[in-house]
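*Asks:* So the protein sequences, as listed, match chains A and B.
FYI, in the numbering used here the residues of the first sequence are 296 to 638.
FYI, in the numbering used here the residues of the second sequence are 296 to 638.
Each residue gets a CB set at the ideal place from its N, CA and C atoms; glycine is no exception.
There are 2 protein chains.
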Amino acid sequence: MSEEKRTEIGEIGEFGLIDRIAEKFEPKNEKTVKGIGDDTAVYDLGDKYLLTTSDMLLEGVHFDLSYMPLPHLGYKAVAVNVSDIAAMNGIPKQITVNLGLSNRFSVEAVEALYEGIKAACDEYNVDLVGGDTTSSSAGLVISVTAIGEVDRDKVVYRNGAMENDILCVTGDLGGAFVGLQILEREKAEYLANPDMQPKLDKYDYVVGRQLKPKARMDIIHEFKDLGIQPTSMIDVSDGLASEAFHLCKQSGLGVAIYEDKIPIEKQSFETAAEFSIDPNSCALNGGEDYELLFTIGQDDFEKIKNHADIHTIGYMQAQKKGRTFVTRNQNVVELQAQGWKHF
Amino acid sequence: MSEEKRTEIGEIGEFGLIDRIAEKFEPKNEKTVKGIGDDTAVYDLGDKYLLTTSDMLLEGVHFDLSYMPLPHLGYKAVAVNVSDIAAMNGIPKQITVNLGLSNRFSVEAVEALYEGIKAACDEYNVDLVGGDTTSSSAGLVISVTAIGEVDRDKVVYRNGAMENDILCVTGDLGGAFVGLQILEREKAEYLANPDMQPKLDKYDYVVGRQLKPKARMDIIHEFKDLGIQPTSMIDVSDGLASEAFHLCKQSGLGVAIYEDKIPIEKQSFETAAEFSIDPNSCALNGGEDYELLFTIGQDDFEKIKNHADIHTIGYMQAQKKGRTFVTRNQNVVELQAQGWKHF
Numbered sequence: 296m297s298e299e300k301r302t303e304i305g306e307i308g309e310f311g312l313i314d315r316i317a318e319k320f321e322p323k324n325e326k327t328v329k330g331i332g333d334d335t336a337v338y339d340l341g342d343k344y345l346l347t348t349s350d351m352l353l354e355g356v357h358f359d360l361s362y363m364p365l366p367h368l369g370y371k372a373v374a375v376n377v378s379d380i381a382a383m384n385g386i387p388k389q390i391t392v393n394l395g396l397s398n399r400f401s402v403e404a405v406e407a408l409y410e411g412i413k414a415a416c417d418e419y420n421v422d423l424v425g426g427d428t429t430s431s432s433a434g435l436v437i438s439v440t441a442i443g444e445v446d447r448d449k450v451v452y453r454n455g456a457m458e459n460d461i462l463c464v465t466g467d468l469g470g471a472f473v474g475l476q477i478l479e480r481e482k483a484e485y486l487a488n489p490d491m492q493p494k495l496d497k498y499d500y501v502v503g504r505q506l507k508p509k510a511r512m513d514i515i516h517e518f519k520d521l522g523i524q525p526t527s528m529i530d531v532s533d534g535l536a537s538e539a540f541h542l543c544k545q546s547g548l549g550v551a552i553y554e555d556k557i558p559i560e561k562q563s564f565e566t567a568a569e570f571s572i573d574p575n576s577c578a579l580n581g582g583e584d585y586e587l588l589f590t591i592g593q594d595d596f597e598k599i600k601n602h603a604d605i606h607t608i609g610y611m612q613a614q615k616k617g618r619t620f621v622t623r624n625q626n627v628v629e630l631q632a633q634g635w636k637h638f
Numbered sequence: 296m297s298e299e300k301r302t303e304i305g306e307i308g309e310f311g312l313i314d315r316i317a318e319k320f321e322p323k324n325e326k327t328v329k330g331i332g333d334d335t336a337v338y339d340l341g342d343k344y345l346l347t348t349s350d351m352l353l354e355g356v357h358f359d360l361s362y363m364p365l366p367h368l369g370y371k372a373v374a375v376n377v378s379d380i381a382a383m384n385g386i387p388k389q390i391t392v393n394l395g396l397s398n399r400f401s402v403e404a405v406e407a408l409y410e411g412i413k414a415a416c417d418e419y420n421v422d423l424v425g426g427d428t429t430s431s432s433a434g435l436v437i438s439v440t441a442i443g444e445v446d447r448d449k450v451v452y453r454n455g456a457m458e459n460d461i462l463c464v465t466g467d468l469g470g471a472f473v474g475l476q477i478l479e480r481e482k483a484e485y486l487a488n489p490d491m492q493p494k495l496d497k498y499d500y501v502v503g504r505q506l507k508p509k510a511r512m513d514i515i516h517e518f519k520d521l522g523i524q525p526t527s528m529i530d531v532s533d534g535l536a537s538e539a540f541h542l543c544k545q546s547g548l549g550v551a552i553y554e555d556k557i558p559i560e561k562q563s564f565e566t567a568a569e570f571s572i573d574p575n576s577c578a579l580n581g582g583e584d585y586e587l588l589f590t591i592g593q594d595d596f597e598k599i600k601n602h603a604d605i606h607t608i609g610y611m612q613a614q615k616k617g618r619t620f621v622t623r624n625q626n627v628v629e630l631q632a633q634g635w636k637h638f
């Protein structure tokens, strides 16, 4: 192919690549309600919608086995897919797991991985129903698909936000990113001095956020109990800014986010300071927190205002007002989505 | 983990590993009709069953890009999953594709891969509805999940064969395996002499069987037209012997297969002879033909006996009679499943 045009993927980016592919794959099946472009695909079952999502984790790209215990990896591979089902306001039902294993993995290692998969299946009440296991000439590969269900009238897309809707996020943000910094630092220290014992106690919360993120199915069940129907929703896998941009783009709106409203745990804050990185940047651009970012109509505000784990961080505004970030000292700046970048 | 017990995966094999994992994952969801252990999982939708299957192809293990054109790879990755849906007597509806790409892949290369995926989507009438694209530090990884549907009363499992049922196979067998031998030989010659032009014309059929296998959805539609309900079915991915063993094991039966009934194309036969390998061994143990192996009740024999592309190759017998192979000269020997092995 030496004489043909060569465009590097980096030139158009992952989302650019997806857009380029997606335009050639317009759904044809009348029961395909949603194809590429939301947290899951949607298939019409009548009163219910079927939700399908799939994510692949590759050794050396998404995880490092020198600090990621195999049970945690198994758990996380399931949780990130369940999180996508949650982001549609759905309930997960079944998963399949495809594994690529090099010969350095023993049966016991595979069982340790499945121990974590089992823990996630039990926690989220899903059945492992298939997949394949093959040898891999490179590292460990784990590809999980989850299917779930949602009542037809309860499905939540990324594109349903309305002007003046309140922007909310669950839990806290930035922890998974600073946890990763700790793990990378400990690894470097261990490589320099293998007799060293890792000192992780002080960082238990942020390290846990990185190694064992939870899918917020608890919130989905609470939405039902509280009678809340979000107008749009997405899970926070790439960082708050990037996810807010997806809601804006698909809903045709702008957004205003308030710096002082972004929920950041004390340990995340302190650990970020240790690395001289801005805690807000960790929340905005760090990723892997797997919290839910969603919008609600103003009428629903009363239902969530006293909820300890749901935080209102801004509101949706007209597209022409842009995507703005209101700093602690009331400066209004343009919101940036930098993705995984050190500061 | 140096002091812990270490069992090599090779000691128990892929199927042994799956059995060991499956026993810890008994389905809990009442709508999970079938978990691990058939061509697809089955989920109860009421009048219909939802079918889910997932397969992963890894560079260096399942394909070699030095002779596998990217569009063919994309097509094949979809077709092998559609073939699993077919093996349940189902109709595929949606697929997701997860890709791991190293930076040697350009946007144009990814588009070439998706060209093949698109051709398969068009041919099998399925929608591409999602998946993710990530970087890979090793080779190309492609993991496809297919979902499909089947009428509840039409689903076919591996475990439904009855004593005296007729064993049938579609198309012809062994071609994909000898095609692979040709491609490997041409690659070796090319590496020895890069100016050489590959001479593949003479081997077009068998090379095509390896590079672009078709899922036999045509047969599934014919079953409906002809009013045939197979009693058990599986697709031929690992070789006739291995697949027949799955039907036997799950149906609690033995089988008798007749050597002179196994359909082998002239080109497969001649090419096998060129390599001094037994054409029947290619059919029995070669794999990747993606034909359908199924059983029918004797009452259905009239409906298929004149079908040009369905071949009766034996019958199911009591378990105590074993798994037998009747040679051309009427010797009755024990059927062996060797898997991918050169002879």
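Shortest alpha-carbon distance to D530 of chain A belongs to which of A:F358, A:A317, A:S378, A:L312?
*Replies:* When only C-alpha atoms are compared, the closest one is A:S378.
*Asks:* Does chain B have any CB closer than 8 Å to the CB of S297 of chain A?
*Replies:* Note that S297 of chain A scores a pLDDT of 48, beneath 50, so its modelled location is shaky; the value from the coordinates is reported in the next line. Cβ-Cβ to chain B under 8 Å: no for S297 of chain A.
*Asks:* Using the beta-carbon count (16 or more within 10 Å), is T622 of chain B buried or exposed?
*Replies:* With fewer than 16 other Cβ atoms within 10 Å, it is exposed.
*Asks:* By the criterion of Cβ-Cβ separation under 9 Å, what are the contact partners of F400 of chain B in chain A?
*Replies:* Going along chain A in sequence order, the residues near F400 of chain B (Cβ under 9 Å) are I304.
*Asks:* Does the beta-carbon of S527 of chain B, which I'm using as the reference point, lie nearer than 7 Å to any heavy atom of the ligand ZN?
*Replies:* Within the structure as shown, the ligand ZN is missing, as the structure has no ligands at all.
*Asks:* Along the chain, where does the alpha helix (DSSP H) containing P574 of chain B start, and where does it finish?
*Replies:* 574-580 is the span of the alpha helix (DSSP H), which, as asked, contains P574 of chain B.
*Asks:* Counting beta carbon pairs with one atom in the segment 410-425 of chain A and one in the segment 317-337 of chain A, are three or more of them shorter than 8 Å?
*Replies:* As far as the Cβ criterion goes, the segment 317-337 of chain A does not touch the segment 410-425 of chain A, which means the pair count is below three.
*Asks:* Using a Cβ cut-off of 8 Å, which residues of the segment 307-327 of chain B contact any Cβ in chain A, in chain order?
*Replies:* Answer set for the segment 307-327 of chain B: I307, E309, L312, I313, R315, I316, K319, F320, P322, K323, N324, K326, T327.
*Asks:* Between M383 of chain A and G592 of chain A, is the Cβ-Cβ spacing less than 8 Å?
*Replies:* Going by C-beta atoms, M383 of chain A is not nearer than 8 Å to G592 of chain A.
*Asks:* Closer than 8 Å by beta-carbon distance: list the chain B residues that pair up with R447 of chain A, in chain order.
*Replies:* Chain B residues near R447 of chain A: none, gap ~14 Å exceeds 8 Å.
*Asks:* Evaluate contact between the segment 361-376 of chain A and the segment 497-513 of chain A, counting only Cβ atoms and requiring at least three cross-stretch pairs below 8 Å.
*Replies:* Yes: at least three Cβ pairs fall under 8 Å.
*Asks:* Between K494 of chain A and the rest of its own chain, which residues show a CB-CB distance below 8 Å, the 5 nearest in sequence each way excluded?
*Replies:* E481, listed in sequence order.
*Asks:* Using DSSP's beta-bridge definition, name the partner residues of C463 of chain A.
*Replies:* According to DSSP, C463 of chain A bridges with A:F589, A:T607.
*Asks:* In the DSSP assignment, what are the bridge partners of Q612 of chain B?
*Replies:* The partner list for Q612 of chain B (beta bridge, DSSP) reads B:G549.
*Asks:* Less than 8 Å between the CB atoms is what I'm expecting for L360 of chain A and L478 of chain A, so what's the real figure, rounded?
*Replies:* Not quite, the Cβ-Cβ distance comes to about 12 Å (not below 8 Å), so this is no contact.
*Asks:* Just the C-alpha distance for E560 of chain A and C577 of chain A, rounded to the nearest angstrom, thanks.
*Replies:* Each residue's Cα considered, the two are about 12 Å apart.
*Asks:* Can you tell which of B:T302, B:K615, B:D333 has the C-alpha that lies nearest to the C-alpha of A317 of chain B?
*Replies:* Checking every option, the nearest Cα to that of A317 of chain B belongs to B:D333.
*Asks:* For a contact meaning CB atoms closer than 9 Å, what does N384 of chain A contact in chain B?
*Replies:* Ordered by position in chain B, no residue passes the 9 Å Cβ test against N384 of chain A, which lies about 17 Å from the chain.
*Asks:* Is the Cβ of K300 of chain B closer than 8 Å to any Cβ of chain A?
*Replies:* Taking Cβ atoms only, chain A reaches closer than 8 Å to K300 of chain B, which makes this a yes.
*Asks:* Please report the residue range of the alpha helix (DSSP H) in which K482 of chain A lies.
*Replies:* Note, K482 of chain A: alpha helix (DSSP H), 470-487.
*Asks:* From Y370 of chain B to G411 of chain B, what distance separates their C-alpha atoms?
*Replies:* So the two alpha carbons sit approximately 4 Å from each other.
*Asks:* Can you check which of these residues, B:Q625, B:R315, B:G443, is closest to I515 of chain B by C-alpha distance?
*Replies:* Measuring from the Cα of I515 of chain B, the nearest candidate turns out to be B:G443.
*Asks:* Any idea what DSSP makes of W635 of chain A, helix, strand or coil?
*Replies:* Confidence at W635 of chain A is low in this model, with a pLDDT of 44, below 50, so the placement of that residue should be treated as unreliable; the coordinate-derived value is given next. It is coil, neither helix nor strand.
*Asks:* What does I442 of chain B touch in chain A if you count any residue whose Cβ is under 8 Å from its own?
*Replies:* Result: Y338, L345, T347, I442.
*Asks:* Determine the burial state of V627 of chain A: buried for a count of at least 16 other Cβ atoms within 10 Å of its Cβ, exposed for fewer.
*Replies:* By the 10 Å Cβ count, V627 of chain A comes out exposed.
*Asks:* What residues from the segment 403-415 of chain B come within 7 Å of chain A, judged by C-beta to C-beta, listed N to C?
*Replies:* So the close ones are E403, V405, Y409, K413.
*Asks:* Applying a beta-carbon distance threshold of less than 9 Å, which residues of chain D neighbour L521 of chain B?
*Replies:* The question asks about chain D, but that chain is absent: this structure's protein chains are A and B.
*Asks:* May I ask you to list, following chain order, the residues of the segment 529-548 of chain B that have a beta carbon less than 8 Å from some beta carbon of chain A?
*Replies:* Cβ contacts with chain A come from no residue of the segment 529-548 of chain B.
*Asks:* Using three-state DSSP, classify A374 of chain B as helix, strand or coil.
*Replies:* Reduced to three states, the DSSP call for A374 of chain B is helix.
*Asks:* Check whether the segment 339-351 of chain B touches the segment 401-415 of chain B, taking contact to mean three or more Cβ pairs, one atom from each stretch, closer than 8 Å.
*Replies:* Segments in contact, no.
*Asks:* Please determine, among A:G549, A:H606, A:L521, the residue with the shortest C-alpha to C-alpha distance to K598 of chain A.
*Replies:* The shortest C-alpha separation from K598 of chain A is found at A:L521.
*Asks:* With 16 other CB atoms within 10 Å as the buried threshold, where does Y610 of chain A fall?
*Replies:* Buried is the call here.
*Asks:* Quick check: what's the CA-CA separation for A551 of chain B versus V450 of chain A?
*Replies:* Computed Cα separation, rounded: 52 Å.
*Asks:* For Q631 of chain B, would you say it is in contact with chain A, using Cβ-to-Cβ distances shorter than 8 Å as the test?
*Replies:* By this cut-off, Q631 of chain B is not an interface position.
*Asks:* Does G341 of chain A pass the burial test, meaning 16 or more other C-beta atoms within 10 Å, or should it be called exposed?
*Replies:* Exposed, by the Cβ-count rule.
*Asks:* Quick one, which of A:N393, A:I608, A:R504 has its alpha-carbon nearest Y553 of chain A's?
*Replies:* Nearest of A:N393, A:I608, A:R504 to Y553 of chain A, Cα basis: A:I608.
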